[in-house]
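Residue numbers (the working numbering), protein chains in the order written: chain A, 1 to 257; chain B, 1 to 169.
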C-alpha cells in the first residue's frame, strides 16, 4: 500500500462501492480514483460483482415458496409471536409487501393481499424507499415537471407535488408504485437534516369515501391520510402526530387552494 | 396466522435468496431456511422488539449454517456449487465482462466466512455494522473479509492468479 493511500482507506473504497460512503467524502474518493487507475478498476470490478450476484440470485425471490417452509413458520400453534412484535413489524411487513408487489403479478400470495389499506401501502412504500441512499426516487426533483406529468399520466389524474419549502422540506423526487389494483405515486421530501417524508397518492380507495383527515401510527411512523375526490393521499413520516398534522394541513391547503 | 407469523413468512423469499447463494444448492438452501425458521420460532422470545427482524433471522441462519458446517463438513470451508443449479440468462444490464456462471463458480470457491460477508453486503445490502452483528465479529473483520472476498472473486473471474490469502480470524 503506497503512502498516498493514507488519504483514502480501503474501507472507504468499499463504502463507495456499496453506496454507503459519507457523501462528504465522495469528491475525495472520486479524485483519488481518477488518479489511481488500479483502484478505479477494482471499484468497477466490485460493482460488477454485486450486479452479477443480484442477477444470479434475485430470481429466487420470485420463486414460489415451498409449502414446507410456509409450514415451518406455523409449526407451533398455540403461543404466537409476542403481540408487541406485530406493531413494530408493521413497517417491515409493509416493506416486504411492497417489495413483492413490485415484483408483479407473479408475486407470492402473501403480498397480493387485497386487504392492505391505503395507509398501510403508503407506510410500506415509505419504509422501503426512505432509507435508500443512492436511489431514493425514480425521477429527481430536477425534473419535477416531467415527474408530475408522468405520474399524472400513469394515475390518470392531474397531480401536484406540493411545495413544502415553507416547512423546510424540499422535494427529492418521486416514483411510480404498484397500488392495490392501479398504479400509485410517491413524492419524497427531505429537510436539511435528512429527515424524509413521503406523500403517497393513489386512486385505489378501497371503497373508502371518507374525506376527513385520518391518523394511523405504527411504532415511530405516523400516517395522515385522506380522500380528496378520486384520489387518496397518505402522508408518512417518522415524526409525531402534531408536527405531521401541520405538514398534512399544508399539503391539503396546497392541493386545494 | 398471527401478524408476527406473517412477518416471518414475508421474509422467507429473502432468506431463500441468501441461503441459495450461500450454499449454491437449492435443496440444501431450503433445508437451511427451514432449520432457520424452526430455530427462530423456538427462540422468538430472544428477538428484541424494535430491532430489525430480517437481521435477526440472518443471525439465526448464520448460527444454523455454522452448526451444520461443523457437524457435516468439519474439514472443509468450501461448499461446492451444484452443477444443476439453474443459472438465469444474463440480463442485458450486467457488465458483459463478468460471466454469471464464472461468478457463481468463484463464489462457491470462496471460504464460507468470506462468502457470508460478501453476500450480506453485496446481495442483502446490510450495513457493515449490521453484518458485524449478524456474524458476531468486529466491523474491522467484516471489512477485511469483504476486501479479501472481493479481491479473490475478482482474481478468479478475471483469470488472474489468486492471491494467497491469510486466514482471517
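Virtual Cβ for every residue (Gly too), placed ideally from N, Cα, C.
Asked	Found
Distance, residue 144(B) Cα to residue 183(A) Cα	44 Å
Other residues of its chain near residue 184(B): CB distance less than 6 Å, five sequence neighbours each side excluded	Residue 184(B) lies beyond the residue range present for chain B, which begins at 1 and ends at 169; the question has no answer from this structure.
Paired residues, beta bridge with residue 61(B) - DSSP	In the DSSP output, where bridge partners are listed per residue, residue 61(B) has none listed.
Same chain, Cβ closer than 7 Å to residue 20(B), neighbours up to 5 away in sequence not counted	26, 29
For residue 157(B), the first and last residue of its enclosing alpha helix (DSSP H)	139-157
CA nearest to the CA of residue 39(B), picked from 124(B), 100(B), 8(B)	8(B)
Spatial neighbours of residue 116(B) in its chain, beta-carbon cut-off 7 Å, leaving aside the 5 residues before and after	22, 62, 135
Contact list for residue 240(A) against chain B, beta-carbon separation under 8 Å	Near residue 240(A) there are no residues of chain B at all, since even the closest Cβ is about 17 Å away, more than 8 Å.
Three-state class that DSSP yields for residue 85(B) in the structure shown	With a pLDDT of only 35 at residue 85(B), under the threshold of 50, the placement of this residue in the model should not be trusted; the figure read from the coordinates follows. The answer is coil: DSSP assigns residue 85(B) none of H, G, I, E or B.
Contact the segment 191-204 of chain A vs the segment 157-174 of chain A: 3+ CB pairs below 8 Å	yes
Proximity test, Cβ basis, 7 Å: residue 17(B) and chain A	yes
Continuous alpha helix (DSSP H) assignments of at least 4 residues falling wholly in the segment 4-78 of chain A	10-17, 26-35, 37-57, 59-62, 67-72
Min CB distance residue 132(B) to chain A below 7 Å	no
7 Å Cβ cutoff, residue 109(B) in contact with chain A	no
Residue 65(B) versus residue 229(A) - alpha carbon distance	53 Å
Beta-carbon proximity list for residue 8(A), same chain, < 7 Å, skipping 5 on both sides	28, 29, 32
The segment 240-256 of chain A contacting the segment 167-184 of chain A, beta-carbon criterion three pairs below 8 Å	yes
Between the CA atoms of residue 216(A) and residue 100(B) - distance to the nearest angstrom	45 Å
Nearest-angstrom Cα separation, counted from residue 157(B) out to residue 102(B)	6 Å
Residue 50(A): contacting residues in chain B (beta-carbon distance under 7 Å)	122
Enclosing alpha helix (DSSP H) for residue 119(A) [first to last residue]	118-129
CB contact below 7 Å: residue 73(A) versus chain B	yes
Boundaries (first-last residue) of the beta strand (DSSP E) holding residue 228(A)	221-228
Backbone secondary structure at residue 134(A) - three-state DSSP	coil
Rounded C-alpha distance that separates residue 18(B) from residue 59(B)	12 Å
Nearest residue (CA-CA) to residue 106(B), options 49(A), 225(A), 173(A)	49(A)
Pair within 7 Å by beta-carbon distance, residue 118(B) and residue 155(B)	no
Closer than 7 Å to chain B by CB, residue 134(A)	no
Minimum Cβ-Cβ distance from residue 37(B) to chain D less than 7 Å	The displayed structure is made up of protein chains A and B, and chain D is not among them.
Where residue 186(A) meets chain B, residues with beta-carbon distance less than 9 Å	Result: empty, since nearest Cβ-Cβ is about 20 Å, beyond 9 Å.
Neighbour-count burial assignment, residue 134(A), 16 or more Cβ in a 10 Å radius	exposed
Nonlocal neighbours in the same chain, by C-beta distance under 6 Å from residue 129(A), ignoring five residues either side	136
Residues that residue 128(A) contacts on chain B, provided the C-beta gap is smaller than 8 Å	Under the 8 Å cutoff, chain B gives no residues; its nearest Cβ is about 12 Å from residue 128(A).
Completely contained alpha helix (DSSP H) runs for the segment 131-171 of chain A, where each covers 4 or more residues	144-155
Interfacial residues, the segment 12-37 of chain A to chain B, with Cβ spacing under 7 Å	14, 18, 20
Residues sharing a beta bridge with residue 311(A), DSSP	Look at the range of chain A in this structure, 1 to 257, and you will see that residue 311(A) is not part of it.
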